[in-house]
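Protein chains: 2
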Amino acid sequence: MGHNRYRLTVSGRPTLATVATRAGVSPSTASLAFSGSPRVTAATRERVLTAAAALGYAGPDPIAASLRRGRSGVIGAVVGERLLYAFRDPVAIQLLDGITEVLGSHGVGLLLLAGDTGRPSTEQIARIPLDAAIFATCGQEDDPALETLRARGVPVVVVEGPVVDGVTLIDIDDRRGVAEVARLLHDLGHRRVETVAMPLRLDGTRGPVDASRRARAHYRDVRHRIEGVEDVFGPVPIFETASNAVAEGITAGRALLDVPAHRRPTALVAQSDVLAAGILQAAAELGLDVPGDLSVAGFDGADLHWLGHVRLTTVVQPTEVKGRAAATAAMALVAGDHPPDVMLPVHLRIGTTTAVAP
Amino acid sequence: MGHNRYRLTVSGRPTLATVATRAGVSPSTASLAFSGSPRVTAATRERVLTAAAALGYAGPDPIAASLRRGRSGVIGAVVGERLLYAFRDPVAIQLLDGITEVLGSHGVGLLLLAGDTGRPSTEQIARIPLDAAIFATCGQEDDPALETLRARGVPVVVVEGPVVDGVTLIDIDDRRGVAEVARLLHDLGHRRVETVAMPLRLDGTRGPVDASRRARAHYRDVRHRIEGVEDVFGPVPIFETASNAVAEGITAGRALLDVPAHRRPTALVAQSDVLAAGILQAAAELGLDVPGDLSVAGFDGADLHWLGHVRLTTVVQPTEVKGRAAATAAMALVAGDHPPDVMLPVHLRIGTTTAVAP
DNA sequence: TCGTGGTATCGAATCGATTCGACGATACGT
DNA sequence: ACGTATCGTCGAATCGATTCGATACCACGA
Numbered sequence: 002m003g004h005n006r007y008r009l010t011v012s013g014r015p016t017l018a019t020v021a022t023r024a025g026v027s028p029s030t031a032s033l034a035f036s037g038s039p040r041v042t043a044a045t046r047e048r049v050l051t052a053a054a055a056l057g058y059a060g061p062d063p064i065a066a067s068l069r070r071g072r073s074g075v076i077g078a079v080v081g082e083r084l085l086y087a088f089r090d091p092v093a094i095q096l097l098d099g100i101t102e103v104l105g106s107h108g109v110g111l112l113l114l115a116g117d118t119g120r121p122s123t124e125q126i127a128r129i130p131l132d133a134a135i136f137a138t139c140g141q142e143d144d145p146a147l148e149t150l151r152a153r154g155v156p157v158v159v160v161e162g163p164v165v166d167g168v169t170l171i172d173i174d175d176r177r178g179v180a181e182v183a184r185l186l187h188d189l190g191h192r193r194v195e196t197v198a199m200p201l202r203l204d205g206t207r208g209p210v211d212a213s214r215r216a217r218a219h220y221r222d223v224r225h226r227i228e229g230v231e232d233v234f235g236p237v238p239i240f241e242t243a244s245n246a247v248a249e250g251i252t253a254g255r256a257l258l259d260v261p262a263h264r265r266p267t268a269l270v271a272q273s274d275v276l277a278a279g280i281l282q283a284a285a286e287l288g289l290d291v292p293g294d295l296s297v298a299g300f301d302g303a304d305l306h307w308l309g310h311v312r313l314t315t316v317v318q319p320t321e322v323k324g325r326a327a328a329t330a331a332m333a334l335v336a337g338d339h340p341p342d343v344m345l346p347v348h349l350r351i352g353t354t355t356a357v358a359p
Numbered sequence: 002m003g004h005n006r007y008r009l010t011v012s013g014r015p016t017l018a019t020v021a022t023r024a025g026v027s028p029s030t031a032s033l034a035f036s037g038s039p040r041v042t043a044a045t046r047e048r049v050l051t052a053a054a055a056l057g058y059a060g061p062d063p064i065a066a067s068l069r070r071g072r073s074g075v076i077g078a079v080v081g082e083r084l085l086y087a088f089r090d091p092v093a094i095q096l097l098d099g100i101t102e103v104l105g106s107h108g109v110g111l112l113l114l115a116g117d118t119g120r121p122s123t124e125q126i127a128r129i130p131l132d133a134a135i136f137a138t139c140g141q142e143d144d145p146a147l148e149t150l151r152a153r154g155v156p157v158v159v160v161e162g163p164v165v166d167g168v169t170l171i172d173i174d175d176r177r178g179v180a181e182v183a184r185l186l187h188d189l190g191h192r193r194v195e196t197v198a199m200p201l202r203l204d205g206t207r208g209p210v211d212a213s214r215r216a217r218a219h220y221r222d223v224r225h226r227i228e229g230v231e232d233v234f235g236p237v238p239i240f241e242t243a244s245n246a247v248a249e250g251i252t253a254g255r256a257l258l259d260v261p262a263h264r265r266p267t268a269l270v271a272q273s274d275v276l277a278a279g280i281l282q283a284a285a286e287l288g289l290d291v292p293g294d295l296s297v298a299g300f301d302g303a304d305l306h307w308l309g310h311v312r313l314t315t316v317v318q319p320t321e322v323k324g325r326a327a328a329t330a331a332m333a334l335v336a337g338d339h340p341p342d343v344m345l346p347v348h349l350r351i352g353t354t355t356a357v358a359p
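These protein sequence lines are chains H and U, in that order. The number in the working numbering is simply the position in the first sequence, starting from 1, with 1 added. The number in the working numbering is simply the position in the second sequence, starting from 1, with 1 added.
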């Protein structure tokens, strides 16, 4: 038999060099064979593959290939909260679904960056090889994780997050969408309207929002959805929830609806369908008829399968498209391109939860 | 200034060698400084860190470190279905939450391996550097992805999946749990009992299960949950759903309950809380009183926040613990250990959906 | 027969860090 | 003052593949 001209692994699993030697070719050729390059003869490729099979070699080590290629095939999705909470949000799930759809078709994997403290640990970001990161459900402004990633040279895509230089933004027209629903309510004669907001900051605060609190809001989309209401009604009372969850919607609903009828709002604009669902539940508890006594509108167009036959009036956003756009932008960044920001349209969907003011 | 004794990167981002040169130390020392080794003086570490800051070097490249260390810091979670469906399952989410809790504390990331075809693509598995993989919500027997992973030498943990040699199994006592709930129903006088099963295979089949279909079941837990009922009642009719979703529970409920009263079961044992929730909805539609006319039991102990005040009788499994156990086992495998299989206990939780037979 | 063009394969450099054993210097004990 | 620990730093090998430019080979035409 031929002597070994290439360094072989001392022990353990075979490497490409082992396979090459066994097939009687150079490592370079073996590599070409595995990558399916047309520069290698079918016969040679066959020999290499046979040798690999004989040695139990399952293909080039992804880590080594990553180093050489300069990319790992992993893209991170930053979901600020711990998984359990983040994934109670049907919008988050659908967004990630859209992302994986695109990434999967490129053979790239999606890695979840979560943190019970609200941020993924810097340690994690430092240790894990990421080709790019997508800020999915946590577009907090002034995010330290975003800074860390950029310092490492990891390209970043932000979904409905802060406007940062050099970061691709995938956005929807929150403000116009909410304004449309507000316009609808106004046309229906509503004048006592309040809005139930998603958290302005992740500090567990819950309750009416004053000017100073509002000025310190961390999330651009939350601000825009407030402004949309104000575009039609001018200043309205804002009730902030501690998280985007049904239970929070219930709490908010009870707080706002369990008051004397003359002070009770005739319509509530929730910043998400999940919150709206909670409000509906609170209204039912209090014996209020929707939409007879109260109109309720949401945002997202999520399919809340547990809502039963109620069709929520809402602003439908193309969540899955948003996810695909984010992933596509991320892939472009990895390829060295400079994808443009994306602004996606939203549209009003009128359901059975809004009617003329009582 | 000193001449460069170490090879520096020709252009682009600085490397550890660049930093080392600037700090006037060797690359080895710089590496030690970054890893926080006690073998390096505080003063030296300071010099290195200062040099790094000056150069805009954010720390060692994770890919290169991965190659040298032989691990990537990424663990894959195989969720068979596409994300959108997999994450409608509250149990899956809670399981993943438990997993990330442990992984996060080790600075390791969780990568989702999904596939709308039902399996993650082999291509993906080949390209992405994985230290280990956890089969989370798809313990299908004879899974090609499992084979691929093992061929690549990726350690595998299976949650409630097939029994495979050399693969760590995290299991719960499905059969005993279901038997307990069946015993309860039996003691309550129920004799016409049927069971609503999760998919036996992922082929979209829905309806009564005959012997041949049952023999071709792909999932061990599904089989065990059937056997648990049979342990008490002997052979019972089995209705298979096409997926573990509320809508499927509704469909099953309608099929089984919309029949003449004398043929209608007095109790239904669902293989999951999600399916049970659907059954409850179907029963309500048909005007059946639960638990007056019909007793319903589930499995999982998931918190279905949309169920309202109904407390489902169910078999509670420690889902989050299961996730933590899986992640812990995965970490052990990465470290070269041979973690033992784990069998977790379950317990019956009696709610308001079961009562004496009518 | 020799030159030329095209092609399949090969060599060697390279990606960027980690780690182990070696080495020099300092401190200490006698 | 000299031998010996101790401690901090350094050299060099190594992880395993990819890729570009070079080379060897073959066929073909003049």
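Glycine residues also receive a C-beta, built at the ideal position from the N, C-alpha and C atoms.
For residue i, three-class secondary structure by DSSP
| i | result |
| --- | --- |
| Glu47/U | helix |
| Pro319/H | coil |
| Pro156/U | coil |
| Tyr220/U | strand |
| His348/U | strand |
| Gly299/H | coil |
| Asp172/U | strand |
| Gly208/U | strand |
| Ala198/H | strand |
| Phe88/H | coil |
| Thr314/H | strand |
| Glu142/H | coil |
| Val343/U | strand |
| Glu82/H | coil |
| Glu102/U | helix |
| Asp290/H | coil |
| Glu231/U | helix |
Residue i, enclosing beta strand (DSSP E) - first and last residue
| i | result |
| --- | --- |
| Ala133/U | 133-136 |
| Leu113/U | 110-114 |
| Leu1/H | This structure does not reach residue 1/H, given that chain H is present from 2 up to 359, and the question cannot be answered. |
| Gly77/U | 75-79 |
Run of the alpha helix (DSSP H) containing residue i, from where it starts to where it stops
| i | result |
| --- | --- |
| Ala358/H | No alpha helix (DSSP H) holds Ala358/H; DSSP gives it neither H nor E. |
| Arg286/U | The sequence given here has Glu at residue 286/U, not Arg. Start and end: 274-286. |
| Glu249/U | 247-258 |
| Glu124/U | 123-128 |
| Thr42/U | First-last for Thr42/U: undefined, no H or E at that position. |
| Pro63/U | 63-70 |
Expected contact under 8 Å - CB spacing of residue i and residue j to nearest Å
| i | j | result |
| --- | --- | --- |
| Ile64/U | Pro130/H | 4 Å |
| Val80/H | Thr138/H | 5 Å |
| Ala133/H | Pro156/H | 4 Å |
| Ala271/U | Ala277/U | 4 Å |
| Arg335/U | Ala268/U | Rather than Arg, the amino acid found at residue 335/U in this sequence is Val. At roughly 45 Å, the Cβ-Cβ gap does not stay under 8 Å, so Val335/U and Ala268/U are not in contact. |
| Ala330/U | Ile100/U | With a Cβ gap of about 10 Å, Ala330/U and Ile100/U do not count as contacting. |
| Pro292/U | Thr353/U | 7 Å |
Is there contact here, the region 287-300 of chain U with the region 310-318 of chain U, by at least three beta-carbon pairs under 8 Å? Result yes; three or more Cβ-Cβ pairs closer than 8 Å.
Fill in: Contact the region 149-158 of chain H vs the region 137-154 of chain U: 3+ CB pairs below 8 Å
Because the criterion of three Cβ pairs below 8 Å is not met, the region 149-158 of chain H and the region 137-154 of chain U do not touch.
Does the count of Cβ pairs from the region 186-206 of chain U and the region 163-172 of chain U closer than 8 Å reach three? As far as the Cβ criterion goes, the region 186-206 of chain U does not touch the region 163-172 of chain U, which means the pair count is below three.
Original post:
Counting Cβ pairs closer than 8 Å, one from the region 182-200 of chain H and one from the region 235-243 of chain H, do we hit at least three?
Top reply: Enough Cβ pairs lie closer than 8 Å, so yes.
Is the region 245-255 of chain H in contact with the region 225-236 of chain H, if contact means three or more CB pairs nearer than 8 Å?
Between the region 245-255 of chain H and the region 225-236 of chain H, the count of C-beta pairs closer than 8 Å stays below three; the two stretches do not touch.
Notebook entry, point to check: Are at least three pairs of beta-carbons, each pair with one atom in the region 249-267 of chain U and one in the region 278-295 of chain U, less than 8 Å apart?
Noted result: Of all C-beta pairs linking the region 249-267 of chain U to the region 278-295 of chain U, three or more are shorter than 8 Å, placing the two stretches in contact.
Please confirm if the region 80-100 of chain U is in contact with the region 50-63 of chain H, defined as three or more CB-CB distances below 8 Å between the two stretches.
Too few Cβ pairs lie closer than 8 Å, so no.
Requested in this report: Identify each residue in the region 128-155 of chain U for which the Cβ-Cβ distance to at least one residue of chain H is less than 7 Å, and report them in chain order.
Outcome: Residues passing the 7 Å Cβ filter: Arg128, Ile129, Pro130, Ala152, Arg153, Gly154.
Contact set between the region 314-348 of chain U and chain H, restricted to residues whose Cβ is under 7 Å from the partner
The region 314-348 of chain U vs chain H, Cβ under 7 Å: nothing.
**Message:** So if I threshold CB-CB distances at 7 Å, which residues from the region 17-36 of chain U count as touching chain H?
**Reply:** Residues of the region 17-36 of chain U with a C-beta less than 7 Å from any C-beta of chain H: none at all.
Count Cβ pairs between the region 341-352 of chain H and the region 317-326 of chain H that sit closer than 8 Å; are there 3 or more? Yes, the region 341-352 of chain H is in contact with the region 317-326 of chain H.
- If contact means a Cβ-Cβ distance below 8 Å, which residues of the region 253-267 of chain H contact chain U? From the region 253-267 of chain H, no residue has a Cβ closer than 8 Å to chain U.
Counting Cβ pairs, one atom from each stretch, are 3 or more of them under 8 Å apart for the region 321-330 of chain H and the region 92-103 of chain H? Three or more Cβ pairs drawn from the region 321-330 of chain H and the region 92-103 of chain H lie within less than 8 Å of each other, which places the two stretches in contact.
>> Which residues of the region 67-101 of chain U have a Cβ closer than 7 Å to any Cβ of chain H? Give them in chain order.
In response: Taking a C-beta cut-off of 7 Å against chain H, the contacting residues of the region 67-101 of chain U are Ser67, Leu68, Ser73, Gly74, Val75, Arg83, Leu84, Leu85, Phe88, Ile94, Gln95, Leu97, Asp98, Thr101, listed in chain order.
Residues of the region 169-183 of chain U with a CB closer than 7 Å to any CB of chain H: list them in chain order, please. If the cut-off is 7 Å between Cβ atoms, the region 169-183 of chain U has nothing near chain H.
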